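As structure tokens, the structure follows; a few thoughts come after it.
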Amino acid sequence: MEFMENVFVLPFLDIADSPVFFLEVIISGLLSGVMYSLVALGFVLIFKASGVFNFAQGAMVLFAALTLVGLMEQGVPVVIAILLTALLMVVLAILIEHMMLRHLVNQEGIILFMATIGLNFILEGVGQIAWGSDVKKLDIGIPDQSFEYAGMLFNTLDLSAALIAAIMVTTLALFFQYTGTGRALRAVADDHQAALSVGIPLKSIWIIVWSVAGLVALVAGILWGTKVGVQFSLVLIALKALPVLILGGFTSVPGAIIGGLIIGVGEKVVEVYWGPAFGGAIEGWFAYMLALAFLMFRPQGLFGEKIIERV
Amino acid sequence: ESKIAAAEQFFPMLVYRTGPYAPNGIPVANGFRDYYTMINARDGGINGVKVSFEECETKYNTKLGVECYEKLKGKGATLFNPYSTGITYQLIPKARVDKIPILSMGYGRTAAADGRVFQWTFNFPTTYWSQASTFVKYVATQEGGLDKLNGVHIAHIYHNSAYGKEANPTLDALSEKYGYKLTKIAVDHPGQEQKAAWLQVRRKRPDWIFMSGWGVMNQVAIKEAVSTGFPMDHFVGNWWSGSEADTVPAGDGAFGYKSAALHGTGTDWPVIQDIIKHVYGGDMALAAENKVGEVLYNRAVLNGMFGIEAVRTAQGKYGNKQMTGEQVRWGLENLDISNAKLKALGMEGFTQPFKVSCKDHETGGPVAFQQWTGKGWQFVSDWITPITEVVRPMVEEAAAAYAKENKITPVNCG
Amino acid sequence: MSEQNRSPDILLNVEGISLSFGGVKALNNISFDVRKGEIRAIIGPNGAGKSSMLNCINGFYHPQEGQITFKGETRKQMQPHKAAEQGIARTFQNIALFKGMSTLDNIMTGRNLKMKTNFLWQALHLGPARREEMQHREAAERVIDFLEIEQIRKTPVGRLPYGLQKRVELGRALAAEPDLLLLDEPMAGMNHEEKEDMCRYILDVNDQLGTTIVLIEHDMSVVMDISDRVVVLDYGKLLADGTPDVVRANQDVINAYLGVTHE
Amino acid sequence: MTAEAVRQTGGAAQAAAPLLTVNNIEVIYDHVILVLKGVSLAVPDGGIVALLGANGAGKTTTLKAVSNLLRAERGEVTKGSIEAMGERIDSLSSNELVRRGIIQVMEGRHCFEHLTVEENLMTGAYTRRDGRAAIAQSLEKVYHYFPRLRERRTSQAGYTSGGEQQMTAIGRALMANPKMILLDEPSMGLAPQLVEEIFEIVSDLNKQEKVSFLLAEQNTMVALRYAEYGYILENGRVVMDGDAASLRENEDVKEFYLGLASGGRKSFRDVKHYRRRKRWL
Amino acid sequence: MFYREAGQFKNTYHADQAIFPIIQDRWFMALVLLVAFVVIPLWANEYWFQAVLIPLYIYAIAAIGLNILTGYAGQVSLGTGAFMAIGAYATYKLCTAFPDLNILIVFVISGFFAAGVGIVFGIPSLRIKGFYLAVATLAAQFFILWLFNKVGWFYNNNPSGTITAPPRELFGIMITGPEAHALTRYYVSLGFLSVMALAAKNLVRGRVGRSWMAIRDMDIAAEIIGIEPLKTKLMAFAISSFYCGVAGALFIFCWLGSAETEAFDIFLSFQIMFMIIIGGLGSIMGSIMGAAFITLLPIFLTNVPPMIGIPIATDLSKHIEEIIFGVLIVFFLIAEPHGLARLWQIAKEKLRQWPFPY
Ligand SMILES: Nc1ncnc2c1ncn2[C@@H]1O[C@H](COP(=O)(O)OP(=O)(O)OP(=O)(O)O)[C@@H](O)[C@H]1O
Ligand SMILES: Nc1ncnc2c1ncn2[C@@H]1O[C@H](COP(=O)(O)OP(=O)(O)OP(=O)(O)O)[C@@H](O)[C@H]1O
Ligand SMILES: [Mg+2]
Ligand SMILES: [Mg+2]
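Protein chains in written order, with the working numbering: chain P, 297 to 607; chain S, 36 to 449; chain X, 426 to 688; chain A, -11 to 269; chain B, 328 to 685.
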């Protein structure tokens, strides 16, 4: 009985009690959602353009952040360190294409998925050999301060992340929809062999996509690294991005953002108001349940490409 | 067994220098390694018996822990320091059968403090439950006495795992006794994202926060506390939530953060100086790079000392030679860390004296509280003894339940 | 088979079917019937709605309007597996074999509906499960024999050339021993000789087992030779319906579909 | 076209430097399945050459060996060489081949399901660098050839009918403005009228734009009408070749590929089942 | 030439349907069983049992389970860990509530609990496909573990929040608990693996298996020929979860001895997934080979450098081990995307033609 009350009555009273706080919860949710989206975006790019579910995205985030911090620790100025890391991510993309992808043309999704798991191990290993496993503080000058506005608490880092994410998503969405290369990328995701047959150079396409995904990982690494310190745990952020990815649709760039916002708000509101009734820490599975609920109505995710069923 | 020369005492080391908990695992592993090395270099071993040791990487993963355990067991291990709650749970039942004692110093299964049921497991000098009670006492000293606790609001932010939940029963029991208000906030593994938890803190505005965190959760919590504007000197971590790895990423904001402690930090202790001298040849920079003097490093030194002293104690009874697991167990059970001994070991004031007994594998040792100054940690309290009259009965009850479930007949400690 | 001994019962009756996808009207008020035991062809230009028609008959598409009567039972909507249970089997325009399985397994799958033992027996592979498996294996072997694909029994179908895949697909449909067999371009991508073989199989099935067949095919010589009656669709509309000769002579059909024939 | 004329052009073309030569290639799938056991053929510049043969003879494999799509199927050319326009092309990527003007229309359509029909066509122009206007013109041309595609241009290719997909696949290749097209079973699944149209397009392109064709085709009748030269493949070997007219006259070809028995065309209804094919080998 | 089927005629369909229709294969299998049941127990020491063989067999059972679902029925699942947890917690509850129940039977009953939950989380599979389906199973993964962690009833409210295998015996032999001898636990795991692998093989070569594969290869066509998708998929979920459940029970009761929910975290699910992909999707034998590969390789890599006398720092050697592990995964996938099982098959095909190249 008490449980029922905790679930069906108290949370609503709580919300009604302090609407400003409710608004704050929603805004925090939106801002954490954006942080998830940053990671989800990397997944979307690669999936959309090659049909590969890149398990190593989390490792790429770590790898980029570790390299950046490592370089900065060696005394390299911030801007140059960022450029060098970006360059390294491009080199990495070339290596990945050379050593891995080109040998796996036309294989099923799950096989490519597995290969990226192999990649994940390699990146984790190399990154840590090169830069160690310690926690490192990352500060490239993005302000990380809180301020109160209209009774609500904001953090400048979160706001910057939101801005950066908005810019990235707009650019990428336009790129995919309106350029010839974007079209070619989508073609590759549909059918490797047919893409080859019309002369789409899979190799350079893959290098481009993985490079862009690497750069997105770098951005995610910078923001998350500033937030939680650069360390191995960054890899696990990928798990937070999964429900976002699924809810938004594997193939949709805007989906990654909208999905992030929905998940962010959903899990925060639920955790803050309903968490206590269930004993807390429910946001983890709730994100997945929420994604699942959306999928029941749209099996391809909110903005994903329709799954074609024909005979 | 054959690999160990007759006059060597083998110490297995389950370490995690890689993976998500590496930032915590590295200083721990270094501390053990350096203490053992120093003992050989300075004293030529334990009463002439050389100390040998080998690391096995567990990545803080229980399943890898099994492999390491079996491998090191085969090499003649006589005492395990698992350094992971999961691995400890898993080794406790084995210890009895394999006749290799476990020392889980300040972690693992609290009920193991009851030596009648957990004959082979030791968790001295103190446990999670005792620690929680010292925290309550510490708050009381700050608020002006135990009677002032009534109406104080304490939040417990904990890692949502068996480890994180350990303090809950004690905090509950004491809340009933002293009348403070307790809010429990769980943070899901691994804890990089804690907005929801801190929104709750903002809403409920507790007076004190106690945290049972681990790994990245600590760093994020400290940062979130800073940005929420929570007064840092009212934010207290347990002894796994108070190391340099936790405070450094938060930068200046972390000033004033507190945590429980079992021992002193820094390099100003004779024992640490000995390590710098014998292991690093006096090279301070190299020592600093190896995290000498950091909280978790010093913890491992303390832990390493316990193992060595247990062997020494056993040698007192069985002779100066290589000890077996059973003999080491005896040594642990009869370990008497007196002030005089601490002084001799170069650890006077580093930690508090205690004496293990057949019945009490914990000793209810005192806990101190330390504060982050931006460069290091500083004690800000006296050594506070646990509220044993509340904790001990809980321990005995839990141990009895375990004994019943696992068909163990408690030994008679006379 | 001559006209007299063909029974006049109607096995399948399609009435006023309309189906549209967004703006595309794939079928527009189509009606025709299929008599028991006949070979009924559906022809029409590309995109006329032929495959969609078959999809409606076996329940994969749900027409917005109209009804379908099969074996005297009228229905508006049904699930594909229900249609299969009622005795409708089919092949597909884009081969829809189970690529990871061998030819034999594909054909055995066709007999799935007829197999009943529960999975516990199967896990043990004893008693009824084993007997049943053997009994159906025999039936499957008869189909294999009939289609002359013995050599590729154990080959994974993904590796087979196109024409053989089509044949295996036919085998899978036949294994179900259907009353109504829907064939969507069974002879596409075959050379003349292979078409002859395929025609032979179709005629034999029709002849020996009395299976009713609805056939979509673009090769006019085949259609005209083996079908009893022909329906012509043209972008969703019914253009003509009648015997091959009648249809062939129809000027609309020539304009819309046949073009000038080169024979 | 009279048989005489065909023979002449065919013969002349054979004499001219061939655009494409395949020398005695061997192809193995999955490291163990030997499919082509030494196939040689030549396509003259501006010629149309037909590749005939039963199911599984290796026609598709041959085309893929030329267009270098085999790798994607875990197949490889283990012997022999392939030359086009005077250079070895065995190791060129398909992108380079398309740039050089050699493009394949794959068997079984292979449209990009999630792209619209028009986007599908546009992917064909990926390698072109001659400007939007020229590409738009090609698109117009394709729509002119296939008016049905214009009607369906905004629908997702995955949802179009089999024939529409086939048109899309052919149209997509035309968009590349190729010198040589490898056509794998273009007539499959097309209405009779359209089959004629496709071959008219082929001959049109061949005459006006000098596009050469290597076409694998089951519809032997039509293929031999438009091609100048033909190869017959059996079990991974070329068992017969010759100019189209002579092949058409060959008794075996007549019986097995054209269905013309000595007494003229025979009804499919009257085929006997005990008849077994004669083997050349 | 040593490996060939020429001259081995099968006179009955039954003989042709045998699991190993070729005599060399039968000999090989007999040899494997002989080694597993007789040779290894004579030779292995506790390290081998406890660190290598027992986990290998248990992982193999879980891998077979996942392979049934993912490899045969084509439904991607990342909830293996949770289904294993159900088996483990059910066993714990059952054997503490009914101490006299035969422990082997308890394992099986626990499997049924897992099967039941598997069905519930399988329901979305009717609408959701491919990688998207992974979300449903991930929801299971996170929710179930949260539940076991949160609700004290599951671990009998003991304050440590963990479950521990109590000592249980059968015919006077300790099967579980710390006193159970490694050899006993070895035989229990091996016994379960043998029986369950055989049952799985029987299932997948019969009607049920064919319907799974049909759904996997082309679900629409499968439905059109009369295979009911929901029923078939749910059956796959149920049976797969049953296998995982039993594996989970053995995982705690015959191997770890004690664990908290973290032992069943998402990385366990991933690990089992690796096994079946490396071993070969849609192959029972492959599941076992994959389990062997994924469990043995790291152990091998960790133990090699010290064995050949190269002392490397612990962390460095772990990182190198990770890199080599990653490289080998990629290498194997490039060499043969269809896994070890396929590699094995190709090897046999080559042997058959030996000494001719093809
Ligand atoms: N599921 C669908 N969604 C959208 N449009 C569809 C769908 N199915 C069919 N269509 C459209 O309906 C029309 C008829 O298609 P259908 O496949 O029935 O043609 P068809 O007569 O079989 O042609 P073909 O001979 O080329 O196979 C086509 O224009 C096709 O694009
Ligand atoms: N990916 C593959 N793996 C293994 N074998 C293959 C593969 N592709 C084709 N084959 C085999 O190669 C042989 C030739 O196939 P190919 O597709 O080239 O024949 P085709 O002449 O094009 O036949 P069709 O007229 O049916 O298209 C066949 O026996 C086939 O089984
Ligand atoms: Mg059609
Ligand atoms: Mg072909």
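Each residue gets a CB set at the ideal place from its N, CA and C atoms; glycine is no exception. Because the structure is a prediction, the values reported are computed rather than measured.
Does chain P have any CB closer than 9 Å to the CB of methionine 328 of chain B?
Interpretation of methionine 328 of chain B is limited by its pLDDT of 43, a score under 50 that renders its predicted location unreliable; the figure taken from the coordinates is listed afterwards. No - not a single Cβ of chain P is within 9 Å of the one on methionine 328 of chain B.
How long is the line joining the alpha carbons of alanine 668 of chain B and isoleucine 577 of chain X, rounded to whole angstroms?
When rounded, the distance between both Cα atoms is 21 Å.
Report buried or exposed for phenylalanine 308 of chain P, applying the criterion of at least 16 other Cβ atoms within 10 angstroms of its Cβ.
exposed
Residues from the region 96 to 114 of chain A in contact with chain C, defined by Cβ distance under 9 Å
Absent from the structure: chain C. Protein chains present are P, S, X, A and B.
Near ligand 2, which residues have their beta-carbon closer than 5 Å to a heavy atom?
X/Arg584, X/Pro586, X/Tyr587, X/Gly588, A/Tyr17, A/Ile21, A/Val23, A/Asn43, A/Gly44, A/Ala45, A/Gly46, A/Lys47, A/Thr48, A/Thr49 and A/Glu61
In terms of residues, what are the limits of the alpha helix (DSSP H) holding leucine 364 of chain P?
353 to 369
Looking at the structure shown, is aspartate 666 of chain X part of a helix, part of a strand, or coil, going by DSSP?
In the three-state scheme derived from DSSP, where H, G and I count as helix and E and B as strand, aspartate 666 of chain X is classed as strand.
Cβ-Cβ distance between alanine 576 of chain B and alanine 417 of chain B below 9 Å:
yes
Hey, could you find the ends of the beta strand (DSSP E) lysine 219 of chain S is sitting in?
216 to 222
For valine 368 of chain P, does the count of other Cβ atoms within 10 angstroms reach 16, so buried, or fall short, so exposed?
Note that residue 368 of chain P is methionine in the sequence shown, not valine. Buried.
Sorted by chain position, which residues of the same chain lie with C-beta nearer than 6 Å to glutamate 688 of chain X's C-beta, five sequence neighbours on each side aside?
Because glutamate 688 of chain X carries a pLDDT of 42, less than 50, the predicted location of this residue cannot be relied on, and the following value inherits that uncertainty. Cβ within range, chain order: n/a, list empty.
Please list the terminal residues of the continuous alpha helix (DSSP H) segment that includes alanine 211 of chain A.
208 to 214
Test: glutamine 588 of chain X CB closer than 9 Å to a CB of chain A
Residue identity differs from the one stated: residue 588 of chain X is glycine in this sequence, not glutamine. So, interface residue.
Counting only the same chain and skipping the five closest in sequence on each side, list residues whose C-beta sits under 6 Å from that of phenylalanine 153 of chain S.
Ala147
Would the C-beta of tyrosine 131 of chain A count as close to ligand 1, meaning under 8 Å from any of its heavy atoms?
no
Can you tell me whether glutamine 196 of chain A is buried or exposed? The criterion is at least 16 other CB atoms within 10 Å of its CB, across all chains shown.
If you draw a 10 Å sphere on the C-beta of glutamine 196 of chain A, you find fewer than 16 other C-beta atoms in it, and that means exposed.
Phenylalanine 318 of chain P vs valine 565 of chain P beta-carbon contact at 9 Å:
Between phenylalanine 318 of chain P and valine 565 of chain P, the gap from beta carbon to beta carbon is short of 9 Å.
Is alanine 204 of chain A near ligand 4, with its Cβ less than 8 Å from a heavy atom?
Flag set: Cβ of alanine 204 of chain A near ligand 4.
For a test of the three-state rule: what should DSSP assign to asparagine 631 of chain X, helix, strand or coil?
Of the three classes helix, strand and coil, the one that applies to asparagine 631 of chain X here is helix, per DSSP.
Minimum Cβ-Cβ distance from serine 538 of chain B to chain X less than 9 Å
Answer yes: the Cβ-Cβ gap between serine 538 of chain B and chain X drops below 9 Å somewhere.
With a cut-off of 9 Å, does the C-beta of alanine 541 of chain B fall near any C-beta of chain P?
For alanine 541 of chain B, the answer is no, since every Cβ of chain P falls outside 9 Å of its Cβ.
Output needed in chain order: residues of the region 431 to 461 of chain P with a Cβ under 9 Å from some Cβ in chain B.
none
Isoleucine 596 of chain P CB to nearest heavy atom of ligand 1 below 8 Å
First, the amino acid is wrong: residue 596 of chain P is glutamine here, not isoleucine. No, since every heavy atom of ligand 1 falls outside the 8 Å radius drawn around the Cβ of glutamine 596 of chain P.
Own chain partners of asparagine 333 of chain S with C-beta closer than 6 Å, once the 5 adjacent residues on each side are dropped:
So the list reads His298 and Thr300, once near-sequence residues are dropped.
Which chain X residues sit within Cβ distance under 7 Å of glutamate 550 of chain B?
Pro505 and His506
I'd like to know whether the C-beta of valine 50 of chain S is nearer than 9 Å to at least one C-beta of chain P.
no
Residues bridged to alanine 466 of chain X (per DSSP)
X/Leu640 and X/Val655
In chain order, which alpha helix (DSSP H) runs of at least 4 residues are fully inside the region 365 to 418 of chain P?
List check, alpha helix (DSSP H) in window: 374 to 395.
Check whether the Cβ of serine 175 of chain A lies closer than 8 Å to any heavy atom of ligand 3, and answer yes or no.
no
Taking Cβ to Cβ, would you say leucine 538 of chain X is nearer than 9 Å to glycine 536 of chain B?
no
If you run the structure through DSSP and keep just helix, strand and coil, what is leucine 551 of chain X?
coil
Could you work out which residues of chain P lie near alanine 466 of chain B, taking near to mean beta carbons separated by less than 7 Å?
Trp581, Tyr584, Met585 and Leu588
My output table needs one value for cysteine 91 of chain S: the three-state DSSP class, helix, strand or coil.
Shown here, cysteine 91 of chain S sits in a strand according to DSSP, grouped into three states.
Run of the beta strand (DSSP E) containing threonine 503 of chain B, from where it starts to where it stops:
500 to 503
Does any C-beta atom of chain S lie closer than 9 Å to the C-beta of asparagine 429 of chain B?
no
Let me confirm a value: methionine 73 of chain S is counted as buried when at least 16 other C-beta atoms fall within 10 Å, else exposed. Which label applies?
buried
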